[in-house]
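What follows is a short report on a single structure.
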Amino acid sequence: MISASCCRAAAIATLLAAAAATAFLTFSLPSSPSVSTTKYTEELSIASSTPPPHPTLATVSPPPAPAKPATSTARPRKREPSYWRMAPEEALRNAKKEIMAAEPVVADPDLYAPLFKNVSQFKRSYQLMERILKVYIYQDGRRPIFHTPPLSGIYASEGWFMKLLKESRRFVVADAAKAHLFYLPYSSQHLRLSLYVPDSHNLRPLAVYLRDFVKGLAAKYPFWNRTRGADHFLVACHDWGPYTTTAHRDLSKNSIKALCNADSSEGIFTPGKDVSLPETTIRTPKRPLRYVGGLPVSRRRILAFFAGNVHGRVRPVLLQHWGKGQDDDMRVYALLPGRVSRTMNYIQHMKNSKFCLCPMGYEVNSPRIVEALYYECVPVIIADNFVLPFSDVLDWSAFSVVVAEKDIPELKRILQGISLRRYVAMHDCVKRLQRHFLWHDRPLRYDLFHMILHSIWLSRVNHVELQD
Numbered sequence: 274m275i276s277a278s279c280c281r282a283a284a285i286a287t288l289l290a291a292a293a294a295t296a297f298l299t300f301s302l303p304s305s306p307s308v309s310t311t312k313y314t315e316e317l318s319i320a321s322s323t324p325p326p327h328p329t330l331a332t333v334s335p336p337p338a339p340a341k342p343a344t345s346t347a348r349p350r351k352r353e354p355s356y357w358r359m360a361p362e363e364a365l366r367n368a369k370k371e372i373m374a375a376e377p378v379v380a381d382p383d384l385y386a387p388l389f390k391n392v393s394q395f396k397r398s399y400q401l402m403e404r405i406l407k408v409y410i411y412q413d414g415r416r417p418i419f420h421t422p423p424l425s426g427i428y429a430s431e432g433w434f435m436k437l438l439k440e441s442r443r444f445v446v447a448d449a450a451k452a453h454l455f456y457l458p459y460s461s462q463h464l465r466l467s468l469y470v471p472d473s474h475n476l477r478p479l480a481v482y483l484r485d486f487v488k489g490l491a492a493k494y495p496f497w498n499r500t501r502g503a504d505h506f507l508v509a510c511h512d513w514g515p516y517t518t519t520a521h522r523d524l525s526k527n528s529i530k531a532l533c534n535a536d537s538s539e540g541i542f543t544p545g546k547d548v549s550l551p552e553t554t555i556r557t558p559k560r561p562l563r564y565v566g567g568l569p570v571s572r573r574r575i576l577a578f579f580a581g582n583v584h585g586r587v588r589p590v591l592l593q594h595w596g597k598g599q600d601d602d603m604r605v606y607a608l609l610p611g612r613v614s615r616t617m618n619y620i621q622h623m624k625n626s627k628f629c630l631c632p633m634g635y636e637v638n639s640p641r642i643v644e645a646l647y648y649e650c651v652p653v654i655i656a657d658n659f660v661l662p663f664s665d666v667l668d669w670s671a672f673s674v675v676v677a678e679k680d681i682p683e684l685k686r687i688l689q690g691i692s693l694r695r696y697v698a699m700h701d702c703v704k705r706l707q708r709h710f711l712w713h714d715r716p717l718r719y720d721l722f723h724m725i726l727h728s729i730w731l732s733r734v735n736h737v738e739l740q741d
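Mapping of the sequence shown onto the numbering used here: residues 274 to 741, in sequence order.
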């Protein structure tokens, strides 16, 4: 028994001695090990199944954490093309492919999916616009017709777009060879004020002036002739904007026209190529967002409201059926009577109405559409052949009612037929959509400036032919 105990004690002592020797060797290594000591520490590291220490840190540094095993669900990151190295046409073709193959958007706090026809493609297209798009602005043209943006009134959209694009550092490029789009910075409003002879009913001089300007660009620069104007665009909000392009065939047929008067029946505005420009009334240029906002659904006591000049083919019919105080639910007036406006002015009427009627005047466009959005009133659009703003990406059925001109006698029945639940959803969409129709001194993401530019960009991308 004694000998067995002694043997066990001797074995334990031997193990303790070996452990002590190993510890002594480990902590007595020099900070700058020689070749022999380094080799020995490497042997110790291999024996303990740990990575060898860095030769200048020895063993005082803790071993690195083991790498996490790759999971089977990890997806390789898609390598995007180097757009900055591409020629403009090549970049547009690649962008078109990426937009067509856009991955579904799971959630995006900045975009409300029900407002869009395809929110995934819109988001991808917008991202590519921010990353790729370069615009060259011609410096030719005399003022005030060119380079003088009108910033107030119902035609202010063309002016605010011009102002903000000229101030843009992201999109404007000085080297025309790098440009994907070329901007003709004219104002249809100033063209009218400068050249139209009052009561002449002759728009030909306006169209000839713009024609001669484009011919001058084509003779001076090589850019127009490369595509016959297909990569050029203009922005015009006056009712006569479309007619100022008619004297130059390529300008009218090939160039991208962003027009407030987006009438598809006249053969000038081409749906799918041209862009429907929102007509925005700016009363105070220094405060473009003044009065924006409205009342909640529960406080909107008026079913429908309209007040305005009675001209064109639609408004007289609207007044005939619903004007002159015939129905208290349908507040339809010519100019708002003084006895009415003293109690509730025009803007207050819109803020207190469930639906705001937006009938065409002489032309299909109406600033009331955007005013309704500003005051959170569901717009009712009565204008056959009107291509609605941003209809390339927005689903107007989510936040508006489109009534055919022939159905004006049934207007009240149509509006009362919309359930409260459906109306609440539409009103909510109007409030969410509002941000996409606002001007800002410094543009914000997805605001009106960017929405207009995006539609112009998307038109150009969609009309680029993919190579086999």
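Ideal placement from N, C-alpha and C gives every residue a C-beta, glycine not left out.
Mapping the DSSP letters down to three states, classify glutamate 738 as helix, strand or coil. Secondary structure at glutamate 738: coil, using DSSP grouped into helix, strand and coil.
Say whether the region 362-376 touches the region 635-645, bearing in mind that this needs 3 or more beta-carbon pairs closer than 8 angstroms, one atom from each stretch.
No, because fewer than three Cβ pairs between the region 362-376 and the region 635-645 fall closer than 8 angstroms, the two stretches do not touch.
Let me check understanding here. Comparing Cα to Cα, which of Glu363, Val666 and Ser728 lies closest to asparagine 391?
Closest by C-alpha distance to asparagine 391, out of Glu363, Val666 and Ser728, is Val666.
For this session: Would you give the residue range spanned by the beta strand (DSSP E) that methionine 603 belongs to?
Result: 603-606
Serine 467 and isoleucine 427 closer than 8 angstroms at C-beta: no
- Message: DSSP has isoleucine 687 in a bridge; who is on the other side?
- Response: Its beta-bridge partners do not exist; DSSP assigns none.
What ranges does the beta strand (DSSP E) occupy inside the region 544-598, keeping only unbroken runs of at least 3 residues that lie completely in it? 575-580
Cα-Cα, which of Ser398, Ala380 and Ser393 is closest to leucine 365? The shortest Cα separation from leucine 365 among Ser398, Ala380 and Ser393 belongs to Ser398.
Would you say the region 401-412 touches the region 448-455, given that touching needs at least three Cβ pairs under 8 angstroms?
-> yes
query: In the DSSP assignment, what are the bridge partners of phenylalanine 506?
result: Paired residue(s): Tyr456 and Ile529.
Self-check item: According to DSSP, residues forming a beta bridge with proline 640
Solution: DSSP, once it has assigned bridges, lists no residue as partnering proline 640.
**Request:** Only counting runs of 4 or more residues, tell me where the alpha helix (DSSP H) segments fall wholly within the region 355-400, in order along the chain.
**Result:** 361-373
Can you give the Cα-Cα distance for leucine 521 and proline 478, rounded to whole angstroms?
Checking the sequence shown, residue 521 turns out to be histidine, not leucine. Taking the straight line from one Cα to the other gives about 12 angstroms.
(Q) If distances are taken between C-alpha atoms only, which option among Val737, Arg733, Ser732 and Pro716 comes closest to phenylalanine 434? (A) Pro716
Continuous alpha helix (DSSP H) stretch holding valine 481: start and end: 477-493
inquiry  = Looking at aspartate 720: is its Cβ nearer than 8 angstroms to the Cβ of histidine 727?
reply    = no
Self-check item: Neighbourhood of histidine 511 by C-beta distance below 7 angstroms, restricted to the same chain and skipping five residues each side
Solution: Tyr428, Ser461, Gln462 and Arg465
- Ignore the nearest five residues each way along the sequence and tell me which others in asparagine 527's own chain have a CB closer than 6 angstroms to its CB. Arg501, Gly502 and Ala503
Report task. Pick out whichever of Tyr469, Met633 and Tyr648 has its Cα sitting closest to the Cα of serine 626. Result -> Tyr648
Original post:
When we look at the beta-carbon of glycine 514 and count the other beta-carbons within 10 Å, is it buried (16 or more) or exposed?
Top reply: buried
| query | Exposed or buried, which one is serine 732 when buried takes at least 16 other CB atoms within 10 Å? | reply | buried
task: Can you have a look at lysine 396 and say buried or exposed, based on whether 16 or more other CB atoms are within 10 angstroms of its CB?
output: buried
Indicate whether glutamate 552 and serine 639 have their beta-carbon atoms separated by less than 8 angstroms. yes
Just tell me which of Leu630, Asn582, Val583 and Leu568 has its CA closest to the CA of leucine 688. Leu630
Exposed or buried, proline 339, counting other C-beta atoms within 10 Å across all chains shown (16 or more means buried)? No answer about proline 339 holds up, because its pLDDT of 49 lies below 50 and its placement is not dependable.
Review point. With distances taken from CA atoms, which of Tyr619, Met402, Gly611 and Met603 is nearest phenylalanine 628?
Key: Met603
According to DSSP, is leucine 693 part of a helix, a strand, or is it coil?
helix
- Could you confirm whether any beta carbon from chain B is found closer than 8 angstroms to the beta carbon of phenylalanine 506? Absent from the structure: chain B. Only one protein chain is present.
#### Entry: Nearest-angstrom Cα separation, counted from histidine 594 out to leucine 437
Computed Cα separation, rounded: 43 angstroms.
Problem set entry | Beta-carbon proximity check, lysine 656 vs proline 632, cutoff 8 angstroms | Here residue 656 is alanine; the residue named in the question, lysine, does not match the sequence. In contact: alanine 656 and proline 632 (Cβ atoms closer than 8 angstroms).
Notebook entry, point to check: What do you reckon, are the CB atoms on proline 544 and serine 537 nearer than 8 angstroms?
Noted result: yes
Practice problem: State the CB to CB distance for the pair alanine 491 and threonine 518, rounded to an integer number of angstroms; the pair is presumed to be in contact (CB under 8 angstroms). | Solution: Contact between alanine 491 and threonine 518 does not hold, since their C-beta atoms are separated by about 15 angstroms, which reaches or exceeds 8 angstroms.
Mark tyrosine 635 as exposed unless 16 or more other C-beta atoms lie within 10 angstroms of its C-beta, in which case mark it buried. exposed
Tell me whether isoleucine 620 is buried or exposed, calling it buried when 16 or more other Cβ atoms sit within 10 Å of its Cβ.
With fewer than 16 other Cβ atoms inside 10 Å of its own Cβ, isoleucine 620 counts as exposed.
- Out of Ser425, Ser692 and Tyr469, state which residue places its alpha-carbon closest to the alpha-carbon of arginine 563. Ser425
* Asked: What separation, rounded to the nearest whole angstrom, lies between the Cα atoms of threonine 346 and glutamine 400?
  -> Below a pLDDT of 50, predicted positions are generally treated as unreliable, and threonine 346, at 48, falls in that range; the measurement from the model is reported next regardless. C-alpha separation (whole angstroms): 26 angstroms.
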